[in-house]
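Peer 1: Following this message is one structure expressed as structure tokens.
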Amino acid sequence: KLHSDLDKGVGTVKYTLSGDGAGTVFTIDETTGDIHAIRSLDREEKPFYTLRAQAVDVDTKKPLEPESEFIIKVQDINDNEPKFLDGPYVASVPEMSPVGAYVLQVKATDADDPTYGNSARVVYSILQGQPYFSIDPKTGVIRTALPNMDREVKEQYQVLIQAKDMGGQLGGLAGTTTVNITLTDVNDNPPRFPKSIFHLKVPETSHVGSAIGRIRAVDPDFGKNAEIEYNIVPGDGGNLFDITTDEYTQEGVIKLKKPLDFETKKAYTFKVEASNLHLDHRFHSVGPFKDTATVKINVLDMDEPPVFSKPMYTMEVYEDTPVGTIIGAVTAQDLDAGSSSVRYFIDWKNDVDSYFTIDATEGTIATNELLDRESTAQYNFSIIASKVSNPLLTSKVNVIINVLDVNEFPPEISVPYETSVCENAKPGQVIQTITAADKDLSPAGQKFSFKLSSEASNKPNFTVHDYRNNTAGIEARRNGYSRRQQELYFLPVVIEDSSYPVQSSTNTLTIRVCRCDSDGTIQSCNVEAIFLPVGLSTGALIAILLCIVILLVIVVLYVALRRQKKKDTLMTSKEDIRDNVIHYDDEGGGEEDTQAFDIGALRNPKVIEDNKIRRDIKPDTLRFPRHRPPAEDNTDIRDFITHRLQENDVDPSAPPYDSLATYAYEGNGSVAESLSSIDSLTTEADQDYDYLSDWGPRFKILADMFGEEESYNPDKVT
2 KLHSDLDKGV GTVKYTLSGD GAGTVFTIDE TTGDIHAIRS LDREEKPFYT
52 LRAQAVDVDT KKPLEPESEF IIKVQDINDN EPKFLDGPYV ASVPEMSPVG
102 AYVLQVKATD ADDPTYGNSA RVVYSILQGQ PYFSIDPKTG VIRTALPNMD
152 REVKEQYQVL IQAKDMGGQL GGLAGTTTVN ITLTDVNDNP PRFPKSIFHL
202 KVPETSHVGS AIGRIRAVDP DFGKNAEIEY NIVPGDGGNL FDITTDEYTQ
252 EGVIKLKKPL DFETKKAYTF KVEASNLHLD HRFHSVGPFK DTATVKINVL
302 DMDEPPVFSK PMYTMEVYED TPVGTIIGAV TAQDLDAGSS SVRYFIDWKN
352 DVDSYFTIDA TEGTIATNEL LDRESTAQYN FSIIASKVSN PLLTSKVNVI
402 INVLDVNEFP PEISVPYETS VCENAKPGQV IQTITAADKD LSPAGQKFSF
452 KLSSEASNKP NFTVHDYRNN TAGIEARRNG YSRRQQELYF LPVVIEDSSY
502 PVQSSTNTLT IRVCRCDSDG TIQSCNVEAI FLPVGLSTGA LIAILLCIVI
552 LLVIVVLYVA LRRQKKKDTL MTSKEDIRDN VIHYDDEGGG EEDTQAFDIG
602 ALRNPKVIED NKIRRDIKPD TLRFPRHRPP AEDNTDIRDF ITHRLQENDV
652 DPSAPPYDSL ATYAYEGNGS VAESLSSIDS LTTEADQDYD YLSDWGPRFK
702 ILADMFGEEE SYNPDKVT
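First residue of the sequence shown: 2, per the working numbering; consecutive thereafter.
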């Protein structure tokens, strides 16, 4: 209730309310100032409200006092029960745990105010699950209440837990949850065979390694605690069998280690032990975690194929033995109780098997063809035996027949059949050691003997020395040999073996006389090889000669190229210091071409050329130049030049175009003296150049030029 001191109770004051919940949760009487709640309040939703109130004048609407603030607190009542927010719970505890073993802790939450009264004070209790488990009333910890709870008896437990507020007093609110508890397995139970004796029946034809039966020991434990290992206790028949564990079914699988035979033994008895692989030391006092059972195996008689007396037969026969000769026999027997007769036949696979036959009833093997050890030394084939009562039951055995050798081949000299002797050989010198070979299969200790044939014993050239170890030496008997007198000697050597009958052969050894040095090294053995290096083959000599020929060809080509290069250099050089060397690079342009060549070298008045034949074409017939009587002091030079011109003109190898002709005639000291106009006894005015017009078209312009000079010479008196 709100009240202002200015309120006289005449209705002039009006009360207003604002803040949290004003108008929705709380309302105020404007005249009296009474505050009322207009709906239910929940402390857990909002524990307090902050409001503001003010008194105003009804007429002026002006506040009579300052606005005041106040808080309304919601007082808690026990209207919320405890709740297990994490339930339902799942827990586990090992079986056989002692009393008080921890299982799980549960927790309930009460939304009421824990600071006001006992509304939020929770107490825990078990409604269902006793007497197996207990719970702490304050902490909610669940523990085992009975000792030695056995998983194999009961594995799952459902416990109902209650949480009650108000300290568990009457009138308090309560909540419940469920806890599912599982007993986990421990290895507290040994394996046990359900019976003490297991009977198995096994056919005698069972294959080695095959499973012939299963036995099982029962272990009520679970998982790895139930894994069982089986072992055969050493005893009667245990060495014929083996046992392993099937990891999926935990059964003991009995397997056969060796073949069974009903006729040999009809029954076997042995013991099998089953034990746990993973033991728990806490339960050793319970007793041994293993069990033993007896296994009896009865072997069943089956119709079996015949059995050979040996796993393999080996026989021997001499080659060339007559057809039909018995060389051995095989034996097979039916070991079954009925004891049927046996028939034999050869397993034909190839033509080799046709060399032998077998008696179907007796099993004797005889030759069917003549045998040759040098062709085939050993035969390998199979014999099949079948029962008359059941031909489908067969067995097979391998037969090896070795063909023994008969001494039918004489021994022969092993390579080489040809040897050599030095011209300077001495008497008694061994020139070759020979051995023998025999196509027959020589028995151990066979010896070969060597000697000269009777016709060669009287010749004083060579002899044979038998070393008594299957070798012999060829020795010289003369003091030196001459290749010119006799180049080849033929020595017949007789070789005998020691087998029966004795075989011998005469082998001719060719001995070539060779030239050797003082150390006995052969230098040559024929005329062609005298000039050849010792030790070089024909191919090597041909290669050497071929290289020499190639080198000679290279040298000749090099010399020819050098000469050609020297000639070309002489013909094309522009650096020749001689005045009379004229070089033309191209053909003249005709009479009007005054720039085609330098005519300065032709101004020597002593150079006279009488040859007027053109050099740019090859003339059909030789023309001899006309001679104009020159001055007496130019006769020698003119004759020389004319002679050289004629030599070039008549030369058939001269090219039909302008070329260079070097006359190499110059200088004082020659008989013709100097060709230069310097120091000439005559002057230019005394020269007569009319002969230039006789030199042909190529010198026409030159003749005109000198003719003009003579015509316009001011010093000349006409």
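C-beta atoms are modelled at their ideal positions from N, C-alpha and C, and glycine is treated no differently.
So, is M167 buried or exposed, given that buried needs 16 or more other C-beta atoms within 10 angstroms?
Peer 2: Here residue 167 is taken as the residue at index 166 of the sequence shown, counted from 1. Answer is buried; the Cβ neighbour count reaches 16.
Peer 1: Could you tell me if E96 is buried or exposed, where buried requires 16 or more neighbouring beta carbons within 10 angstroms of its beta carbon?
Peer 2: Indexing the sequence shown from 1 puts residue 96 at position 95. That one is buried.
Peer 1: Please classify W696 as buried or exposed, where buried requires at least 16 other C-beta atoms within 10 Å of its C-beta.
Peer 2: Counting from one through the sequence shown, the residue named residue 696 turns up at place 695. Looking at its Cβ environment, which holds 16 or more other Cβ atoms inside 10 Å, W696 is buried.
Peer 1: Inspect the beta-carbon positions of V154 and D281 and report whether they are closer than 7 angstroms.
Peer 2: Here residue 154 refers to the residue found at position 153 of the sequence shown. Here residue 281 refers to the residue found at position 280 of the sequence shown. No, Cβ-Cβ distance for V154 and D281 is not below 7 angstroms.
Peer 1: In whole angstroms, give me the CA-to-CA distance for I1 and T377.
Peer 2: The first residue shown for the chain is 2 and the last is 719, placing residue 1 beyond what the model contains.
Peer 1: Taking the continuous beta strand (DSSP E) assigned at V407, which residues delimit it?
Peer 2: Taking the sequence shown and counting its residues from 1, the one referred to as residue 407 is at position 406. No beta strand (DSSP E) contains V407, which DSSP labels as neither H nor E.
Peer 1: When the Cα atoms are used, what is the spatial distance from K607 to D637?
Peer 2: Here the question's residue 607 lines up with position 606 in the sequence shown. Here the question's residue 637 lines up with position 636 in the sequence shown. Only weak support is given to the placement of K607: the predicted model assigns it a pLDDT of 47, under 50, and the value that follows is read from those uncertain coordinates. Each residue's Cα considered, the two are about 10 angstroms apart.
Peer 1: Alpha carbon to alpha carbon, how far is D80 from D137?
Peer 2: For the purposes of this step, residue 80 is identified with residue 79 of the sequence shown, where counting begins at 1. For the purposes of this step, residue 137 is identified with residue 136 of the sequence shown, where counting begins at 1. D80 and D137: Cα-Cα distance of roughly 25 angstroms.
Peer 1: Beta carbon of K427: closer than 6 angstroms to some heavy atom of the ligand ATP?
Peer 2: In terms of ligand content, the structure shown is empty, and the ligand ATP therefore cannot be addressed.
Peer 1: Quickly, what does DSSP pair Q334 with across the bridge? List them, please.
Peer 2: In the sequence shown, counting from the first residue as 1, residue 334 sits at position 333. Beta-bridge pairing links Q334 to V308.
Peer 1: Roughly how many whole angstroms lie between the Cα atoms of S654 and S694?
Peer 2: On the sequence shown, position 653 is the one that residue 654 refers to. On the sequence shown, position 693 is the one that residue 694 refers to. Near 28 angstroms, if we compare the C-alpha coordinates of S694 and S654.
Peer 1: Taking only runs that begin and end inside the stretch 375 to 438, name each unbroken beta strand (DSSP E) of 3 or more residues, in chain order.
Peer 2: For the stretch 375 to 438, whole beta strand (DSSP E) runs of length 3 or above, ordered along the chain, are 379 to 388, 395 to 405, 419 to 423 and 431 to 438.
Peer 1: By the DSSP assignment, the beta strand (DSSP E) with E317 in it spans what residues?
Peer 2: Within the sequence shown, residue 317 is the residue found at index 316, counting from 1. Run containing E317: M313 to Y319, per the beta strand (DSSP E) assignment.
Peer 1: Quick check: what's the CA-CA separation for L558 versus I551?
Peer 2: Residue mapping note: residue 558 aligns to position 557 of the sequence shown, counting from 1. Residue mapping note: residue 551 aligns to position 550 of the sequence shown, counting from 1. One C-alpha to the other measures close to 11 angstroms.
Peer 1: Considering D292, what are the terminal residues of the beta strand (DSSP E) in which it resides?
Peer 2: Indexing the sequence shown from 1 puts residue 292 at position 291. Element bounds for D292: K291 to L301.
Peer 1: Under three-state DSSP, which class holds V514?
Peer 2: Here residue 514 refers to the residue found at position 513 when the sequence shown is read from its first residue. Here V514 sits in strand by DSSP.
Peer 1: V100 and A109 look like a contact to me (Cβ under 8 angstroms); what is the Cβ gap, rounded to whole Å?
Peer 2: Taking the first residue of the sequence shown as 1, we reach residue 100 at position 99. Taking the first residue of the sequence shown as 1, we reach residue 109 at position 108. In fact, because the Cβ distance is near 25 angstroms, the residues do not count as touching under 8 angstroms.
Peer 1: If you follow the beta strand (DSSP E) that H466 is in, where does it begin and where does it stop?
Peer 2: Here residue 466 corresponds to residue number 465 of the sequence shown, with the count starting at 1. F463 to D467 is the span of the beta strand (DSSP E), which, as asked, contains H466.
Peer 1: Could you check the C-alpha separation between D292 and E305 for me, to the nearest Å?
Peer 2: For the purposes of this step, residue 292 is identified with residue 291 of the sequence shown, where counting begins at 1. For the purposes of this step, residue 305 is identified with residue 304 of the sequence shown, where counting begins at 1. The straight-line gap from Cα to Cα measures roughly 38 angstroms.
Peer 1: Since V26 contacts I39 with CB under 8 angstroms, what's their CB separation in whole angstroms?
Peer 2: Here residue 26 is taken as the residue at index 25 of the sequence shown, counted from 1. Here residue 39 is taken as the residue at index 38 of the sequence shown, counted from 1. Yes, V26 and I39 are in contact; Cβ-Cβ is about 7 angstroms, under 8 angstroms.
Peer 1: Per DSSP, which one or two residues make a beta bridge with P493?
Peer 2: Position 492 of the sequence shown holds residue 493. Partner(s): T509.
Peer 1: Starting from F451, trace the beta strand (DSSP E) both ways and give me its first and last residue.
Peer 2: Counted from its first residue, the sequence shown places residue 451 at position 450. Here the beta strand (DSSP E) through F451 covers S450 to L453.
Peer 1: From which residue to which residue does the beta strand (DSSP E) around P204 run?
Peer 2: Counting from one through the sequence shown, the residue named residue 204 turns up at place 203. Note, P204: beta strand (DSSP E), I198 to P204.
Peer 1: Helix, strand or coil for T85? Go by DSSP, reduced to three states.
Peer 2: Along the sequence shown, read from residue 1 onward, the residue named residue 85 stands at position 84. Here the sequence assigns Phe to residue 85, which means Thr is not the residue at that position. Reduced to three states, the DSSP call for F85 is coil.
Peer 1: When DSSP labels each residue in this structure, what does L174 get in the three-state scheme?
Peer 2: Your numbering for residue 174 matches position 173 in the sequence shown. The answer is coil: DSSP assigns L174 none of H, G, I, E or B.
Peer 1: What are the start and end residues of the beta strand (DSSP E) that includes Q55?
Peer 2: In the sequence shown, the residue the question calls residue 55 occupies position 54. Residues F49 to D58.
Peer 1: Per DSSP, what kind of secondary structure is H208 in: helix, strand or coil?
Peer 2: The residue labelled residue 208 in the question sits at position 207 within the sequence shown. Three-state DSSP puts H208 in coil, outside helix and strand.
Peer 1: Flag this pair as touching only if the stretch 350 to 368 and the stretch 415 to 435 have three or more C-beta atom pairs under 8 angstroms; answer yes or no.
Peer 2: No, the stretch 350 to 368 is not in contact with the stretch 415 to 435.
Peer 1: For the beta strand (DSSP E) that H285 lies in, which residues bound it at each end?
Peer 2: Looking up residue 285 in the sequence shown gives position 284. Note, H285: premise wrong, no beta strand (DSSP E); not H, not E.
Peer 1: Do you know offhand how far D113's Cα is from D30's?
Peer 2: Start at 1 with the first residue of the sequence shown, and residue 113 comes out as number 112. Start at 1 with the first residue of the sequence shown, and residue 30 comes out as number 29. About 32 angstroms.
Peer 1: Quick check: what's the CA-CA separation for A268 versus K297?
Peer 2: The residue given as residue 268 occupies position 267 in the sequence shown. The residue given as residue 297 occupies position 296 in the sequence shown. Distance between the alpha carbons of A268 and K297 is about 7 angstroms.
Peer 1: Using only alpha-carbon positions, find the residue among D262, G214, K258 and V407 that is nearest to D247.
Peer 2: Residue mapping note: residue 247 aligns to position 246 of the sequence shown, counting from 1. Taking only the C-alpha atoms, the option nearest D247 is G214.
Peer 1: Could you give the C-beta distance for A218 and A275, rounded to a whole number, given that I count them as a contact under 8 angstroms?
Peer 2: As a working mapping, residue 218 is identified with position 217 in the sequence shown. As a working mapping, residue 275 is identified with position 274 in the sequence shown. Between A275 and A218 the Cβ distance is about 4 angstroms, and since that is below 8 angstroms, they are a contact.
Peer 1: My output table needs one value for K256: the three-state DSSP class, helix, strand or coil.
Peer 2: For the purposes of this step, residue 256 is taken as residue 255 along the sequence shown, with counting starting at 1. In the structure shown, K256 sits in a strand (DSSP, three-state: E or B).
Peer 1: How long is the line joining the alpha carbons of K397 and S450, rounded to whole angstroms?
Peer 2: By 1-based counting over the sequence shown, the position of residue 397 is 396. By 1-based counting over the sequence shown, the position of residue 450 is 449. Their Cα atoms are separated by approximately 48 angstroms.
Peer 1: Applying the criterion that 16 or more other CB atoms from any shown protein chain within 10 Å of the CB defines a buried residue, is F532 buried or exposed?
Peer 2: Residue numbering aside, residue 532 sits at position 531 when the sequence shown is read from its first letter. A caution first: F532 carries a pLDDT of 40, below 50, which makes its placement in the model unreliable, though a value can still be read off. Exposed, by the Cβ-count rule.
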